[in-house]
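Some notes on the structure that comes next.
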Amino acid sequence: MFADLSPQPADKIIALMAAYREDPRTDKIDLGVGVYKDESGNTPVMRAVRTAEAELVAAQTTKTYTRLIGDADYIAAMQELALGDLVARDRVTGSQAPGGTGALRMLFELVRLARPTARFWISDPSWPNHAGILKHMGTPPRSYSYFDPVSRSVRFDAMMEDLKEAGPNDVVILHGCCHNPTGANLTVAQWEALAESAVSQGWLPLVDLAYLGLGDGLAEDAAGYRAMAVRVPRMMIAMSCSKNFGLYRDRAGATVVIGETPAEASMVEGTLASLNRLTYSFAPHHPAAIVARILSTPALRAEWEEELGEMRDRVNGLRHSLASALRQETNSDRFDFLAEHRGMFSLLGASSDQVEAMRADNGVYMVGDSRMNIAGLHPDQIPGFARAIIAAGV
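FYI, the numbering for the sequence shown is 12 to 405, going by the numbering used here.
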């Protein structure tokens with residue numbers, strides 16, 4: 012049977028990780044892997060996570076199953092984190108999921124079960140796994156205009172023009188904040204315009220929310236998609252705790268679904284429970300319990316928000332420092348977009364040949380489309396990295 016299998020293409024980021032590890036140079040720079048790093052180059056366990064985890068282990072009396080839908084306290088905490096009290100609670104449902112990728116997959120499956128002929132739209136460019144999962148499911152997505160590689164800004168007029176073709180049989184995937192891979196975000200006014208489009212044309216928004224709090228702040232990062240949430244009859248959100256809680260390998264995610272009515276929300280919840288059973292039965296409980304404890308304990312939540320702010324300030328500081336260094340190298344403002352964008356990622360605007368030249372000549376590792384993880388930089392590396400960018404002809 013397995014003789015009929017064909018080789019699968021290697022994941023580009025995983026391959027990049029391997030190449031970086033094998034490079035003997037001591038001054039190499041890893042901008043490929045999408046993890047936060049501190050000043051010492053580590054991806055730390057957050058202080059609030061360490062405390063909550065110790066308390067949970069000390070108090071734990073069983074490891075029996077929870078509900079198919081997931082831990083009730085965690086789901087409620089994630090819904091509050093995403094939406095506050097802006098949407099009537101009886102219209103909101105959701106489930107625990109193994110990470111943000113698992114949340115996306117379960118929402119894709121929910122849509123496919125509800126509307127087998129549904130079409131999915133993703134931004135151009137987008138996180139590669141959006142298209143990868145959908146193609147694997149036999150549902151190749153359509154793309155809508157998003158990023159202008161010349162101005163390094165959102166092509167919102169072109170985006171709205173493309174989405175005129177979206178209707179009641181369509182799902183539009185939107186990045187809640189800190190757009191991956193570009194770092195260019197929608198404004199609140201643009202989110203409101205998209206909400207009007209969704210209402211008038213009938214398409215269903217699916218917000219991928221993987222970086223809440225890492226852009227400008229929890230409330231600031233949520234403002235746009237929340238402006239949409241209060242206007243549309245239905246909405247889906249795929250949440251991840253990998254970045255903002257540092258729970259990468261523990262896999263804490265959640266689906267949040269707004270139904271038009273409480274009865275519709277209840278039907279969605281039952282369907283998600285059934286899909287969970289058929290896919291993995293129960294999502295990992297331990298990381299979800301950590302997050303629930305942090306979000307429901309005032310002192311732990313305050314400590315988490317403080318550390319999240321420190322992480323955010325570090326990333327934004329690196330952005331400004333890199334933009335400043337490139338301004339000095341070029342005597343121009345053409346890299347100032349790096350300071351204006353938000354989140355861990357930006358597209359540098361280099362060709363694949365230029366990316367390869369930076370790797371070969373200076374040990375700079377980034378994805379071939381020049382997506383770079385700003386959080387991978389150390390301040391001491393910035394001057395040399397700026398010179399490498401210019402030397403490669405970017």
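The beta-carbon is built from N, C-alpha and C at its ideal position, and this holds for glycine as well.
Are there three or more Cβ pairs, one per stretch, closer than 8 Å when the stretch 334–354 is compared with the stretch 13–28?
-> no
For residue 286, I'd like the list of residues in its chain whose CB is within less than 8 Å of its CB, leaving aside the five on either flank, ordered along the chain.
-> Against the sequence shown, residue 286 aligns to sequence position 275. Closer than 8 Å at the Cβ level, and outside the excluded window around residue 286, lie 117, 120, 121 and 124.
Output the boundary residues of the alpha helix (DSSP H) element that contains residue 36.
-> As a working mapping, residue 36 is identified with position 25 in the sequence shown. Element bounds for residue 36: n/a, residue is neither H nor E.
With 16 other CB atoms within 10 Å as the buried threshold, where does residue 185 fall?
-> Here residue 185 refers to the residue found at position 174 when the sequence shown is read from its first residue. The residue in question, residue 185, is buried, as its Cβ has 16 or more Cβ neighbours within 10 Å.
Using the DSSP secondary-structure output, state which residues sit across from residue 134 in a beta bridge.
-> Numbered from 1 along the sequence shown, position 123 holds the residue referred to as residue 134. 155.
In the DSSP assignment, what are the bridge partners of residue 389?
-> Residue numbering aside, residue 389 sits at position 378 when the sequence shown is read from its first letter. DSSP output for residue 389 lists no bridge partner at all.
Count the other CB atoms, across all protein chains shown, that sit within 10 Å of the CB of residue 342; report buried if there are 16 or more and exposed otherwise.
-> Translated into the one-based positions of the sequence shown, residue 342 becomes position 331. With fewer than 16 Cβ atoms within 10 Å of its Cβ, residue 342 is classed as exposed.
Per DSSP, which residues does residue 384 bridge with? Please list them.
-> Translated into positions along the sequence shown, residue 384 becomes position 373. DSSP lists 356 as partners of residue 384.
Kindly indicate which three-state DSSP category residue 171 falls into: helix, strand or coil?
-> The residue given as residue 171 occupies position 160 in the sequence shown. If DSSP states are grouped into helix, strand and coil, residue 171 belongs with the helices.
Which one of 210, 213, 228 and 174 has the shortest CA to CA distance from residue 321?
-> In the sequence shown, the residue the question calls residue 321 occupies position 310. It is 228.
Opening and closing residue of the beta strand (DSSP E) in which residue 89 lies | For this step, residue 89 is matched to residue 78 along the sequence shown. Run containing residue 89: none in the beta strand (DSSP E); it sits in the alpha helix (DSSP H), 83–94.
DSSP on residue 400, reduced to helix/strand/coil?
-> Indexing the sequence shown from 1 puts residue 400 at position 389. Helix.
Following the continuous alpha helix (DSSP H) through residue 103, name the residue where it begins and the one where it ends.
-> Within the sequence shown, the letter at position 92 stands for residue 103. Run containing residue 103: none in the alpha helix (DSSP H); it sits in the beta strand (DSSP E), 103–108.
Taking the Cβ atom as the reference point for each residue, do residue 154 and residue 168 lie within a distance shorter than 9 Å?
-> Taking the first residue of the sequence shown as 1, we reach residue 154 at position 143. Taking the first residue of the sequence shown as 1, we reach residue 168 at position 157. Not a contact, by the Cβ cut-off of 9 Å.
Fully enclosed by the stretch 231–295, which beta strand (DSSP E) runs are 3 residues long or longer?
-> 246–251 and 264–269
From 260, 277, 213 and 51, pick the residue whose C-alpha is nearest to that of residue 112; which is it?
-> As a working mapping, residue 112 is identified with position 101 in the sequence shown. Of the listed residues, the one whose Cα sits closest to residue 112 is 260.
Reference residue 187; option with closest CA among 238, 53, 295 and 365 | For this step, residue 187 is matched to residue 176 along the sequence shown. Minimum Cα distance to residue 187 is reached at 238.
Assign residue 148 to one of two classes, buried (16 or more other C-beta atoms within 10 Å of its C-beta) or exposed (fewer than that).
-> As a position in the sequence shown, residue 148 is number 137, starting the count at 1. With fewer than 16 Cβ atoms within 10 Å of its Cβ, residue 148 is classed as exposed.
Have a look at residue 183 and residue 323 and give me their C-alpha separation to the nearest angstrom.
-> Position 172 of the sequence shown holds residue 183. Position 312 of the sequence shown holds residue 323. Rounded to whole angstroms, residue 183 to residue 323 spans 28 Å at the Cα level.
With distances taken Cα to Cα, identify the nearest neighbour of residue 164 among 379, 360, 389 and 399.
-> The sequence position of residue 164 within the sequence shown is 153, counting from 1. Cα-wise, what sits closest to residue 164 is 360.
Given residue 276, which residues of its chain have a CB within under 6 Å of its CB, disregarding the five upstream and five downstream residues?
-> As a working mapping, residue 276 is identified with position 265 in the sequence shown. 102, 104 and 270.
Looking only at DSSP bridge pairs, what is residue 8 linked to?
-> What is shown of the chain runs 12 to 405, which leaves residue 8 out entirely.
From residue 205 to residue 214, what does the alpha carbon distance come to, in whole angstroms?
-> The residue labelled residue 205 in the question sits at position 194 within the sequence shown. The residue labelled residue 214 in the question sits at position 203 within the sequence shown. Taking the straight line from one Cα to the other gives about 10 Å.
Provide the residue span of the alpha helix (DSSP H) that contains residue 53, from first to last.
-> In the sequence shown, residue 53 corresponds to position 42, counting from 1. No alpha helix (DSSP H) holds residue 53; DSSP gives it neither H nor E.
Proximity of residue 199 and residue 235 at Cβ, strictly below 9 Å | The count along the sequence shown starts at 1 and reaches residue 199 at position 188. The count along the sequence shown starts at 1 and reaches residue 235 at position 224. Yes.
On the DSSP bridge assignment, give the partners of residue 375 in chain order.
-> Here residue 375 refers to the residue found at position 364 of the sequence shown. Partner(s): 40.
Note down, one range per segment and in chain order, each beta strand (DSSP E) of at least 3 residues found wholly within the stretch 311–366.
-> 356–358
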